[in-house]
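Below is one structure, written out as structure tokens, with a few remarks after it.
In my numbering, the protein residues as written are 4 to 477.
Here it is, written out as structure tokens:
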């Protein structure tokens, strides 16, 4: 996998993120047609919500990361029955049947047994109010001009709580239900569609008309009706197309297949019966040279074990090069690196605790006393458990990777490495949440360079490629 291929892949990942690209909203549409043009045009298309605001009569956007209308405007756009459910009533010229929402009650609107969400950052500041929207919109209005060479579909997914959480006071944004949208682009025209992923969790909760699953990835806090019966995965992190299948991904379960045209949920994917691992990363790496998808699952042997399963999926969807091995401790391994010959796993201090889960606590906690991190390296092909090597790196917290390649027999890895925990809503060893000032936490881009066949004693050399801007006081 060449550096350029990996870089392009990561650009697509950033584009599919629902909060990072806001700074690109005002980019002009370039004249030339290139890969960068596609990225910039799509950003304009998706984030220019002013172009579609008139559908709702009150500025209701189609995207969860932009401002919502005032409560009065929103209530004018909705019609409620006695149970608090409603449909969006679009402006003249659009059929109301094109737009549907799940149960939602605006403050001040009488209801009996309706749904009300708590005023909590996980359902507001993170996603500027949960959208809970399922819609079909034919022929979007476009500001500017879309190059005629763009012909295809763009997909994205976001966490979008369908029901108020059981543990509202400590809910986290990562626990929202997966809501996938698509933009079909051809000859300068764009059609839009958005659907929730029909996970077993969502189906059960819609039947019950309430949340049934408790804390993030903690089955011991689930409603007894579903506890240890259904998996509470949300399929809310990423969408990937492989083996002619559109997959919605969440790292605590196998991928869920969606119809690429209708977005109908078709069920779990097991790669033609060859996938044994019960978990699957949301950030697999595509090799454009071989057509393979390099992937893995962590906590591969149950709740909070250190087991990792690394594997490759060929272009026809068959699994190969499966190897199971254990990390020095169980932790959140959200992303990883893959090159032509190596696979690398970042091991940080965001540790998993089965004991904590059984007590009704969080799945993860931050070990602030850990003064280092690890890079776990295995061969991409033909690896055995004993081949895993662990290279020590300075204190910090890995989250997303950026790029990886091989040069002169050395591995070169790029990633943003936080100076403290990147998810402060998880507690530390003292049980404290939000124990650090986010204005003091930075995420510089670090480049590691080392010989994967060399000694693990010294550790990789590293240097800072870029620093992040300071978060100013509001």
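Even for Gly, the Cβ is constructed at its ideal location relative to N, Cα and C.
Within the same chain, show all residues whose beta-carbon is closer than 7 Å to that of residue 166, passing over the 5 residues directly before and after it, in chain order. Contacts found: 118, 208, 213 and 214.
Roughly how many angstroms lie between the CA atoms of residue 294 and residue 421, to the nearest whole one? The C-alpha of residue 294 lies about 32 Å from the C-alpha of residue 421.
If you count every other CB in all the chains shown that lies within 10 Å of the CB of residue 429, and 16 or more means buried, which is it? Counting other Cβ atoms within 10 Å of its Cβ, residue 429 reaches 16 or more and is therefore classed as buried.
Closest to residue 368 by CA distance: which of 333, 144, 413 and 397 is it? Residue 333 holds the alpha-carbon nearest to the alpha-carbon of residue 368 among 333, 144, 413 and 397.
Quick one: residues in its chain with C-beta nearer than 7 Å to the C-beta of residue 205, no 5 flanking neighbours on either side, listed in chain order? A distance below 7 Å between beta-carbons, with the five flanking residues on each side excluded, links residue 205 to the following residues of its chain, in chain order: 165, 180 and 199.
To the nearest angstrom, how far is the alpha carbon of residue 144 from that of residue 413? The C-alpha of residue 144 lies about 49 Å from the C-alpha of residue 413.
So, do the stretch 399–419 and the stretch 343–359 have three or more beta carbon pairs nearer to each other than 8 Å? Verdict: yes, contact present.
Check the DSSP bridge columns for residue 334 and list the partner residues they point to. Residue 334 is bridged to 354.
State the Cα-Cα distance for the pair residue 100 and residue 433, rounded to the nearest angstrom. Unreliable placement is indicated for residue 100, whose pLDDT of 35 sits below 50; the coordinate value is still reported in the next sentence. A straight-line Cα-Cα distance of about 51 Å links residue 100 and residue 433.
Tell me, please, whether the stretch 250–257 touches the stretch 280–294 by the rule of three or more beta-carbon pairs shorter than 8 Å. Flag = yes, the stretch 250–257 and the stretch 280–294 touch.
With DSSP run on the structure shown, which of helix, strand or coil describes residue 480? Missing from the structure shown is residue 480; the chain here goes from 4 to 477 and no further.
Cα-Cα separation between residue 152 and residue 141, rounded to whole angstroms: Those two C-alpha atoms are separated by around 20 Å.
Tell me which residue opens and which closes the beta strand (DSSP E) that residue 452 is part of. DSSP places residue 452 inside the beta strand (DSSP E), whose first and last residues are 448–453.
Does the Cβ-Cβ distance between residue 271 and residue 321 come in under 8 Å? No, the Cβ-Cβ distance between residue 271 and residue 321 is not below 8 Å.
N-terminal and C-terminal residue of the beta strand (DSSP E) that residue 409 is part of: Per DSSP, the continuous beta strand (DSSP E) segment holding residue 409 begins and ends at 400–410.
Contact under 8 Å by Cβ, residue 342 with residue 301: The answer is no: Cβ separation not under 8 Å.
Are the CB atoms of residue 450 and residue 415 within a distance shorter than 8 Å? Their beta carbons are under 8 Å apart, which means residue 415 touches residue 450 by this criterion.
Would residue 248 and residue 260 be called neighbours here (beta carbons separated by less than 8 Å)? Residue 248 is a Cβ neighbour of residue 260, given a cutoff of 8 Å.
Spatial distance of residue 14 from residue 196 (CA atoms): Its pLDDT being 27, under 50, residue 14 is placed unreliably by the model, and the measurement read from it follows with that caveat. Straight-line Cα distance between these residues: approximately 23 Å.
Taking Cβ positions, are residue 386 and residue 323 nearer each other than 8 Å? Contact annotation: residue 386 and residue 323 have beta-carbon atoms that are not nearer than 8 Å.
Alpha carbon of residue 234 to alpha carbon of residue 287, nearest angstrom: Their Cα atoms are separated by approximately 21 Å.
Whole angstroms is fine: what's the gap from residue 219's alpha carbon to residue 177's? Rounded to whole angstroms, residue 219 to residue 177 spans 8 Å at the Cα level.
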